[in-house]
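Going letter by letter, the sequence shown gives residues 24 to 426 in my numbering.
One structure below.
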Amino acid sequence: MEHDYQFDTMAVRAGQDRTCEREQAEPIFTTSSYVFRNAAEAAAIFSGQQPGNIYSRFTNPTVRTFEKRLAALEGGERCVATASGMAAILSCCMALLDAGEHIVSSRAIFGSITVLFNEHLKRFGIETSYVAPTELEAWEQAIRPDTRLLFVETPSNPTAEIADIQALSRLAQKHGCLLVVDNCFCTPALQRPLTMGADIVIHSATKYIDGQGRSIGGAVVGRGELLDKVFGFLRTAGPSMSPFNAWIFLKGLETLRLRMEAHSSNALMLAQWLERRPEVERVYYAGLPSHPQHELARRQQLAYGGVVAFELRGGQEAAWRLIDSTEMISITANLGDTKSTITHPATTTHGRLTPEARLDAGIGDGLVRIAVGLEDITDIKADIERGLIGWTLPREGADRERV
Ligand SMILES: *Cc1c(COP(=O)(O)O)cnc(C)c1O
Numbered sequence: 024m025e026h027d028y029q030f031d032t033m034a035v036r037a038g039q040d041r042t043c044e045r046e047q048a049e050p051i052f053t054t055s056s057y058v059f060r061n062a063a064e065a066a067a068i069f070s071g072q073q074p075g076n077i078y079s080r081f082t083n084p085t086v087r088t089f090e091k092r093l094a095a096l097e098g099g100e101r102c103v104a105t106a107s108g109m110a111a112i113l114s115c116c117m118a119l120l121d122a123g124e125h126i127v128s129s130r131a132i133f134g135s136i137t138v139l140f141n142e143h144l145k146r147f148g149i150e151t152s153y154v155a156p157t158e159l160e161a162w163e164q165a166i167r168p169d170t171r172l173l174f175v176e177t178p179s180n181p182t183a184e185i186a187d188i189q190a191l192s193r194l195a196q197k198h199g200c201l202l203v204v205d206n207c208f209c210t211p212a213l214q215r216p217l218t219m220g221a222d223i224v225i226h227s228a229t230k231y232i233d234g235q236g237r238s239i240g241g242a243v244v245g246r247g248e249l250l251d252k253v254f255g256f257l258r259t260a261g262p263s264m265s266p267f268n269a270w271i272f273l274k275g276l277e278t279l280r281l282r283m284e285a286h287s288s289n290a291l292m293l294a295q296w297l298e299r300r301p302e303v304e305r306v307y308y309a310g311l312p313s314h315p316q317h318e319l320a321r322r323q324q325l326a327y328g329g330v331v332a333f334e335l336r337g338g339q340e341a342a343w344r345l346i347d348s349t350e351m352i353s354i355t356a357n358l359g360d361t362k363s364t365i366t367h368p369a370t371t372t373h374g375r376l377t378p379e380a381r382l383d384a385g386i387g388d389g390l391v392r393i394a395v396g397l398e399d400i401t402d403i404k405a406d407i408e409r410g411l412i413g414w415t416l417p418r419e420g421a422d423r424e425r426v
């Protein structure tokens with residue numbers, strides 16, 4: 024089955040290739056290699072004259088089912104699954120860039136990607152310039168004759184800046200570059216960048232595609248000719264996805280749209296409630312009409328996702344007090360889980376940035392990020408309200424057993 028079914032149908036069925044056992048659910052192929060009927064078949068498959076599996080660093084049936092399903096949901100020709108989201112962006116860069124080429128990136132991207140660009144790719148002469156994701160003119164000004172990739176994450180983490188994918192894809196086309204979009208926060212359930220002109224979508228499947236905080240994985244999706252190059256790097260270098268993780272992500276895709284809708288509706292209710300609280304200076308959530316790119320988000324996304332950030336009036340002290348006062352919400356920097364999580368970006372995920380860079384990215388000391396889970400919104404609000412009004416100050420040094 025290919026791309027002519029509706030999204031929800033593809034989410035549960037695309038890519039399935041039943042074996043002779045006629046299984047209903049997709050099996051996990053825990054095998055490192057595959058056997059051939061005879062020497063001639065081995066030679067034909069090794070030479071590429073005949074399709075077939077050789078070794079699970081290259082291909083694995085469970086991984087292939089996941090790849091086909093995610094490609095169908097993103098509207099891409101081909102997907103290559105990777106060991107992590109970072110392996111996805113690394114594979115993209117290694118496959119599509121040559122030494123001495125240049126990247127223009129949004130400055131509001133996942134922290135480890137900034138380190139990859141600034142420290143590791145730099146050693147191969149690949150330079151990166153950073154711009155505000157929302158300022159189209161800055162993107163255009165930063166493009167040089169040797170620019171090969173434009174890289175953007177939208178909505179951004181944690182302050183939900185929305186980049187205009189269509190406008191950036193036109194810019195990429197005009198200057199002969201490729202537009203790579205990190206679609207981790209929306210997933211194809213809420214936003215399909217390839218249908219808006221992006222060349223490549225990358226994912227950390229670790230987040231919403233898994234959806235229950237169990238495993239690390241990633242993916243690259245796009246046109247066949249680009250993905251052939253990404254696959255060429257992956258099969259040689261080896262940051263491949265394990266079949267067990269592929270099976271988890273496959274099951275995650277089946278409920279992805281329902282979960283993303285539930286995350287989004289809980290997050291919107293929380294954002295609206297926070298916006299009315301006197302303790303809160305500002306709420307960052309693209310679903311609020313007060314958000315500067317609300318209209319763009321409405322055009323580009325089906326809903327606004329599960330991540331809400333807000334600046335408290337009392338700075339770091341108020342932020343830490345709120346975090347320490349929660350009893351249910353998990354204190355962790357991960358996101359995309361059924362369980363709500365809370366973090367203080369300035370001292371965790373964005374702690375490695377200089378104070379100026381943090382300020383420039385809108386990450387104040389009072390900023391708190393909540394990745395809203397699927398618990399009842401009444402309980403989520405109650406857990407936060409306790410810390411907002413500060414009537415149960417945490418016991419000194421107490422690490423409470425959390426539910
Ligand atoms: C987590 C994350 C990544 C990296 O993915 P890993 O699976 O942790 O390697 C990349 N981009 C975004 C937006 C992320 O949140």
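Where a beta carbon is used, it is the ideal one built from N, C-alpha and C, also for glycine.
Per-residue burial, residue i [other beta carbons within 10 Å of its own, 16 or more giving buried]
i    : result
N289 : buried
L306 : It is Val, not Leu, that sits at residue 306 in the sequence shown. Counting Cβ neighbours within 10 Å, V306 comes out buried, since at least 16 surround it.
G123 : exposed
V138 : exposed
S70  : exposed
E46  : exposed
F267 : exposed
A62  : exposed
I412 : exposed
K145 : exposed
L416 : The predicted model places L416 with a pLDDT of 47, which falls under 50 and marks its position as unreliable; any figure quoted below should be read in that light. By the neighbour-count rule (16 or more Cβ atoms within 10 Å), L416 is not buried but exposed.
Q164 : exposed
W414 : Confidence at W414 is low in this model, with a pLDDT of 46, below 50, so the placement of that residue is unreliable and no value is reported for it.
A309 : buried
Secondary structure of residue i, DSSP reduced to three states
i    : result
E340 : helix
T415 : Here T415 scores only 43 on pLDDT, less than 50, and its place in the model is too uncertain to base an answer on.
V86  : helix
H143 : helix
I365 : strand
R105 : According to the sequence as given, residue 105 is Thr; it is not Arg. The answer is strand: DSSP assigns T105 an E or B state.
V331 : strand
A384 : coil
T182 : coil
I166 : coil
Residue i beta carbon near ligand 1 (any heavy atom closer than 8 Å)
i    : result
E176 : yes
M283 : no
F267 : no
A228 : yes
F208 : yes
I393 : no
D360 : no
S135 : yes
S107 : yes
G234 : no
G385 : no
N180 : yes
I271 : no
I9   : This structure cannot speak to residue 9, because the chain is shown only from 24 to 426.
D436 : Nothing in the structure corresponds to residue 436, since the chain is present only between 24 and 426.
I223 : no
G241 : yes
CB contact below 9 Å: residue i versus chain C
i    : result
A186 : Of the protein chains in the structure, only one exists, and it is not chain C.
*Evaluate contact between the stretch 45 to 56 and the stretch 104 to 123, counting only Cβ atoms and requiring at least three cross-stretch pairs below 8 Å.*
no
*Any chance you could list the beta strand (DSSP E) runs of at least 3 consecutive residues sitting entirely within the stretch 204 to 271, in chain order?*
223 to 227, 241 to 245
*Within the chosen definition, does the stretch 350 to 368 reach the stretch 223 to 241 through at least 3 CB pairs nearer than 8 Å?*
yes
*May I ask you to verify whether the stretch 327 to 334 touches the stretch 178 to 187, counting CB pairs closer than 8 Å and requiring at least 3?*
yes
*Any chance the stretch 276 to 291 sits against the stretch 206 to 214, with 3 or more Cβ pairs inside 8 Å?*
yes
_Pairs of beta-carbons, one from the stretch 87 to 105 and one from the stretch 28 to 36, closer than 8 Å: are there three or more?_
yes
*Spell out a yes or no on whether the stretch 309 to 325 and the stretch 161 to 173 are touching, meaning 3 or more CB-CB pairs, one atom from each, closer than 8 Å.*
no
_Tell me whether the stretch 67 to 84 and the stretch 250 to 267 touch, counting them as touching only if at least three CB pairs, one residue from each stretch, are closer than 8 Å._
yes
_Complete alpha helix (DSSP H) runs within the stretch 272 to 311 (minimum length 4 residues, chain order)_ = 279 to 298
*If we count Cβ pairs, one from each stretch, closer than 8 Å, do we get three or more for the stretch 219 to 227 versus the stretch 336 to 347?*
no
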